[in-house]
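Asker: This structure is in structure tokens; I'll ask about it shortly.
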Amino acid sequence: MDVSERGCIEAASEEVSHQFRTLLNSEDVDTLKHLQLLILGRLQDSNAVLSHFNDFSEQCYAEVVSDFTRSTHVLRSMKADLDHIFQTLSWKIRLLFHLLFL
Numbered sequence: 000m001d002v003s004e005r006g007c008i009e010a011a012s013e014e015v016s017h018q019f020r021t022l023l024n025s026e027d028v029d030t031l032k033h034l035q036l037l038i039l040g041r042l043q044d045s046n047a048v049l050s051h052f053n054d055f056s057e058q059c060y061a062e063v064v065s066d067f068t069r070s071t072h073v074l075r076s077m078k079a080d081l082d083h084i085f086q087t088l089s090w091k092i093r094l095l096f097h098l099l100f101l
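In numbering that gives the first Met the number 0, the protein residues as written are 0 to 101.
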């Protein structure tokens with residue numbers, strides 16, 4: 000590459016960088032930076048609130064998990080008892096109809 004080519008490349012580079020600089024308004028860039036910082040602050044605040052809520056939820060769950068487990072066991076036991084009663088009644092009703100109508 001000779002000196003004239005190098006000079007042309009440098010001139011083209013300077014022109015391109017000048018065009019880019021004129022496209023961007025420094026006030027707009029500063030405004031965008033400020034807005035980004037505001038959004039970052041809000042996101043960090045939201046993250047802190049969610050982390051606190053998660054800790055609180057974990058604590059509440061630890062307090063009630065034993066009650067849920069016990070209640071679930073009671074409900075399953077009641078369902079088993081009711082299923083047994085329903086089967087026994089169904090069997091007795093069939094037997095009664097069989098005896099009455101035969």
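Beta carbons: idealized from backbone N, C-alpha and C, even for Gly.
Owing to the predicted nature of the structure, the values given are computational and were not obtained by experimental measurement.
#1: Measuring straight from C-alpha to C-alpha, what distance separates G40 and A47?
#2: Using DSSP with H/G/I as helix, E/B as strand and the rest coil, what is D1?
#3: In three-state DSSP terms, what is L94?
#4: Quick check on N53: does DSSP put it in helix, strand or coil?
Answerer: The relevant details are as follows:
#1: As a working mapping, residue 40 is identified with position 41 in the sequence shown. As a working mapping, residue 47 is identified with position 48 in the sequence shown. Between G40 and A47, the C-alpha separation is close to 11 Å.
#2: Here residue 1 refers to the residue found at position 2 of the sequence shown. The answer is coil: DSSP assigns D1 none of H, G, I, E or B.
#3: As a working mapping, residue 94 is identified with position 95 in the sequence shown. For L94, the secondary structure class from DSSP, reduced to helix, strand or coil, is helix.
#4: Position 54 of the sequence shown, counting from 1, holds the residue named residue 53. In the structure shown, N53 sits in a helix (DSSP, three-state: H, G or I).
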